[in-house]
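In the UniProt record's numbering, the protein residues as written are 1 to 1020. Positions of the beta carbon are idealized from the N, C-alpha and C atoms, including for glycine. Notes follow once the structure below has been shown.
Set out below in structure tokens:
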């Protein structure tokens, strides 16, 4: 049964409090909010989200000037958030489609985590129809949001991949209307008098009287009634959306009632009578006023509370879809049964499709009714009228989930591969600057077009949409194409290496990226020649491996360079060479083609290029290869080169590191061996074996049967493969964790050996192994024991152990001059102070201790302390950091590492799986990409880690170890470090008590000199 996490949240809870409670659901996420004028609920919602560092906040609305005011105010308070404006008039379907198209074109925002549909109109005094002929309340409050959300579903599906169900959400801001109203199915545009409506659809007349509307039985339109019906639609929209999206894609849609807020612009159309009635009702206790912040809180609960995803849609006390409607930060049961009815929700969805002329079946495509859109195919035979390019993003993210790996070629056909093919199609469009082909038939209609190896069918669909008079046939081995396509486009399943049996010739044959698909390319090109009518065109677009670089940055020993050569080697072993495109021109000449033109392009493998054209191609090319790397290599390498799955996955991980390095200027050569290598056969045609119409009908029937059989046959196979891959990734994570421990273990063994060889003869010396525990993650071990001060602990001096080796070695060229014998030089504070001065000299030639007096470096990222639990140390550090003026990298290091040393005792991670490590302690993508000193991995602030990894010239980033060395805990011998509670290894209470006492920490240079205030706090 659905429930909420915080039962104490209520009518007075503010949105920022909710955001703080669910910070992990916001940090780094992308949020789209409609209706964000200053002074509105949407703006308060955006403010609350911004407090927890989302990656992007998109503000959608009609007025660019008002949006700029909102963005300026938000940016001033939260400068690290990326704010963007999306112009949209929700009352206009054309505007909504344009806005969705613009958003889907933002390649730097590939996914949306949360959509908050907060915009709305209320109390439009005269019945008004939108440009699309729909009553204005319903058009704006429901239809506009429904259409916008549906068009953006592909990016929500992308965000939901690999996340728990319900993590990605749509929240519709509704009202109290579901408690008093339901839909008006028989008269959606308010043409009839209310008294003539069916009894179940008539409004609550007594309720209207309370708000100053008299004699509403005799009227057809009451402004409040129009608003109420649209707000009921907000709830029903979410109920049906959950049935279509929750189980399949994990996308959850809920409706939130914000309460009564009189300070917004929503009631600007109220007449005086209504305002007077509202004031009276408020004084009678009919409702209570809320602040903007309290009004936005329920939207945040609906967007973030993980418990709401459990049991969504269940029946509760005779009412459908419990949990779909929230008020005052909790699930509400006050809605009328018809306002939360599954059958009503289905009816509304059908109405919405009818009103917009668009059907959605995720993840597939959009079908548009001819009579609902002016952009029709000409002729009366068309069943699709919206240009398919308007909904390509929906198509690209969704193609049928047919999961197959055909034995004739080494590439998968699962959903991930289909999505990669759609990305690849975008790369081709960018390369050709929007053209589908560069031969004459790319700009003029061909009579009959054959798209060989059509894949997801995106090229064939776009060509059919651009040229409605053309007959387009797409052919592929696998049935991964959508079923709802332009009437002039069909798809067939066939093996192109067998005889081509089409009865009529084509005047345009198109081929794209067929490298590695055929055993005999001469035979394939010859068949294309024979299938063309005299004067027809044949265009081949293909890639040419291996990868190259013009400036020598792609070294031959890099895995990325090896990848291209392995592709070539493995494909040759399998008898289907990916190097065939190099010879397309000569093969065409051999087949008889004339007027052949060849043109070459380059695809940068990431966005390293400075030219905007190539930079954009590089960004899409990176997504194409990075997202499908395992799919492209797994079968090819395991079959052709006899690698194991583990070897292939490990190799791909190394390739991905180089792929993401902008310093490697690699590119993929691309040949257009037909558009710009146009070829037309001379007059005369060869005989071809043809099929009769009855045979073609029988083949189409067999194709449909094959579609169904293939889906059923290969579903379990791909599920097993996905399970295997998941297990491999888990094993790799375990191995990686173990590998990270090896350097530290090696250093420990060397240090132990040195200490053993240096101890005086006959002296009994034992290392305190209680701190040498594997129960901390690799690279995050307890500090070595330090002398215990007698004034802090009742321990006889004889029992106090000497200091053992420090966490990091100190530079060997700094000599100890104190004259006191030590087990190692690292134990000498004077020695350390010289080492610190030596290392920080490059950053501060005059005096390294002047760091605290320097102006703050504006390039440094802003960071805050991550609190963990109610630890007293955490509380101290929080107050301490607020009052400390941090001016440079050195001072940042000092305070941050001191904070880390103290806070870490509150964390009890499992070193093998890191399953209990907070997300902000896990390695970031930047850490996995850029070489950096291992000491940077100790920083618990991801922003600072990323900053230091990407700024190698900051020499002080190597001085981390000095600060770690200078922090030592006074630890009594024999006191256990670890304990077992409830079957889980954790820090012992004794150790935690000692670590939480600041007097038990020994501070060496530069603490004592550079931070006198800190010293006074630690040693009062």
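In the DSSP annotation of this structure, the continuous segment of the alpha helix (DSSP H) that includes residue 521 starts and ends at 521 to 531. For residue 360, there is no enclosing alpha helix (DSSP H); the residue is found in the beta strand (DSSP E) stretching over 358 to 360.
When beta bridges are read from the DSSP output, residue 115 appears opposite 32 and 170. Nearest to residue 172 by C-alpha distance, out of 221, 253 and 473, is 253. Judged by DSSP in its simplified three-state form, residue 207 adopts helix. Here residue 48 is not near residue 11, since their CB atoms are 8 Å or more apart. Residue pairing by DSSP places residue 653 in no beta bridge whatsoever.
Residue 26 counts as buried, since no fewer than 16 other beta carbons sit within 10 angstroms of its beta carbon. Cβ atoms of residue 307 and residue 648 stay farther apart than 8 Å, at about 40 Å.
When secondary structure is reduced to three states using DSSP, residue 510 falls in the strand class. Contact check between the region 189 to 204 and the region 215 to 233: three or more CB pairs, one atom from each, fall below 8 Å, which counts as touching. According to the DSSP secondary-structure assignment, residue 253 is paired through a beta bridge with 170. For the pair residue 599 and residue 583, the Cα-to-Cα distance works out to about 13 Å. For residue 926, the enclosing alpha helix (DSSP H) covers residues 925 to 929.
Under the criterion of beta carbons closer than 8 Å, residue 84 and residue 58 qualify as touching, at roughly 5 Å.
The beta carbons of residue 513 and residue 541 sit closer together than 8 Å. With a 10 Å radius around the Cβ and a threshold of 16 neighbouring Cβ atoms, residue 315 comes out exposed.
Exposed is the label assigned to residue 443, since fewer than 16 other Cβ atoms lie within 10 Å of its Cβ. Looking at the backbone, the Cα of residue 51 and that of residue 78 are separated by about 7 Å. Beta-bridge partners of residue 602 (DSSP): 669. Between residue 498 and residue 518, the alpha-carbon positions lie close to 11 Å from each other.
The residue from 577, 215, 538 and 183 with its alpha-carbon nearest to that of residue 346 is 183. Taking 8 Å as the cut-off, the Cβ atoms of residue 510 and residue 449 count as close. In this structure, 326 is the residue among 273, 326 and 310 with its C-alpha nearest to the C-alpha of residue 296. In the three-state DSSP reduction, residue 221 falls in the coil class, being neither helix nor strand. Taking C-beta separations shorter than 8 Å and ignoring five residues to either side along the sequence, the partners of residue 644 in its chain run 638, following chain order.
The Cβ neighbour count for residue 106, taken over all protein chains shown within 10 Å, is under 16; the residue is labelled exposed. Nearest to residue 207 by C-alpha distance, out of 427, 274 and 594, is 274.
DSSP, reduced to helix, strand and coil, places residue 610 outside both helices and strands of the structure shown, so it counts as coil. A direct Cα-Cα distance of roughly 14 Å separates residue 569 from residue 632.
A distance of 8 Å or more separates the beta carbons of residue 566 and residue 605. Rounded to the nearest whole angstrom, the C-alpha separation of residue 312 and residue 217 is 38 Å. Annotation for residue 465: no beta strand (DSSP E) segment contains it, though the alpha helix (DSSP H) segment containing it runs 458 to 466. Secondary-structure assignment with DSSP links residue 492 through a beta bridge to 475. Its chain contains 449, 451, 460, 463, 464, 488 and 489 as the residues whose beta carbon lies nearer than 7 Å to that of residue 472, once the 5 sequence neighbours on both sides are disregarded; these appear in chain order. Residues 39, 40, 41, 43, 44, 261, 263 and 264 of the same chain have their beta carbon placed closer than 8 Å to that of residue 292, with the five preceding and five following residues left out of the count.
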